[in-house]
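In the working numbering, the protein residues as written are 1 to 277.
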């Protein structure tokens, strides 16, 4: 069952794109490549999420991808404002992007948070992302961060240190959760998870993750520069590819050669055995 694409999604996606285009024209196309890349990342996220969402309306992963792309686009627009209130709102929207990506990574591929520890990690990731806004110091030339704590001394400095220290366990728990997903998944599950993160080819080829999975990869891919061989010396069946020819035996291995010629037993002195009549 397909779902129709809501009009408000299209509007919320095209408005920040239009704002970036107008700003680029007004600035005589200054930093055009950087702006195109930033907008392109957000548009790709939104498009991928919406396409998956229309095909599977109940997919949580599709919604998270679309929300992350939308937050990315609007964060770039809001932080480009010269108004301090709008700029600060853009910082919070940008932090929401980080929380959504963490949520996406933990919930992938089912979209569900299956344990209290996973839910705690996701909540902590959102909280840490929002808390970092209070210690974000904008570069000179940008509007002030209205929620920034004074980190020179006193309470502000203590809060900044506390946020930085408490974020380390959140990152460690996040990584541990992803590693747990990887170790608990089977061969098919690991191939699915590998699509969302860059897994080096050498890691798979040496079989440190799963020797059986690595063996299946070696049968499908010509690793090492040559055609892979299945057990028994037979080449794997690849469409459009002729099986590898086995080396031809030498002279002594051919039927009819010296080693393969049949010799009749010689007759004995008593006449036993086959012989001329």
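Here a beta-carbon is modelled for each residue, glycine too, at the ideal position from N, C-alpha and C.
Cα-Cα separation, residue i to residue j
i	j	result
residue 67	residue 100	7 Å
residue 172	residue 25	44 Å
residue 211	residue 53	Low confidence applies to residue 211: its pLDDT is 37, below 50, so where it sits in the model is not reliable enough to give any reading.
residue 133	residue 169	18 Å
residue 50	residue 120	27 Å
residue 84	residue 117	37 Å
residue 167	residue 137	18 Å
residue 7	residue 48	16 Å
residue 34	residue 161	33 Å
residue 302	residue 9	Residue 302 lies beyond the residue range present for the chain, which begins at 1 and ends at 277; the question has no answer from this structure.
residue 113	residue 98	17 Å
residue 182	residue 139	39 Å
residue 23	residue 32	10 Å
residue 180	residue 155	38 Å
residue 15	residue 21	10 Å
residue 320	residue 109	One cannot answer for residue 320 here, as it falls past the ends of the chain, which runs 1 to 277.
residue 144	residue 86	10 Å
residue 176	residue 163	20 Å
residue 135	residue 43	29 Å
residue 56	residue 11	21 Å
Where residue i falls: helix, strand or coil (DSSP)
i	result
residue 233	Note that residue 233 scores 43 on pLDDT, short of 50, meaning its location in the model is unreliable; the coordinates nonetheless yield the value given after this. In this structure, residue 233 counts as coil in the three-state DSSP scheme.
residue 6	coil
residue 23	helix
residue 113	coil
residue 82	coil
residue 50	helix
residue 169	helix
residue 278	With the chain represented from 1 up to 277, any question about residue 278 goes unanswered, as that position is not in the structure.
residue 30	coil
residue 70	helix
residue 58	coil
residue 90	helix
residue 44	helix
residue 241	Residue confidence is low: residue 241 scores 46 on pLDDT, short of 50, so the model does not pin down where it sits. Its coordinate-derived value is still stated next. The answer is coil: DSSP assigns residue 241 none of H, G, I, E or B.
residue 143	coil
residue 137	coil
residue 149	coil
residue 108	coil
residue 130	helix
Beta-carbon proximity check, residue i vs residue j, cutoff 8 Å
i	j	result
residue 105	residue 178	yes
residue 130	residue 92	yes
residue 149	residue 159	yes
residue 74	residue 41	no
residue 76	residue 18	no
residue 147	residue 79	no
residue 107	residue 61	yes
residue 125	residue 174	yes
residue 13	residue 70	yes
residue 81	residue 94	no
residue 102	residue 122	yes
residue 141	residue 59	no
Residue i at chain C interface by Cβ criterion, 8 Å
i	result
residue 148	Considering every chain present, this structure includes no chain C. It has just one protein chain.
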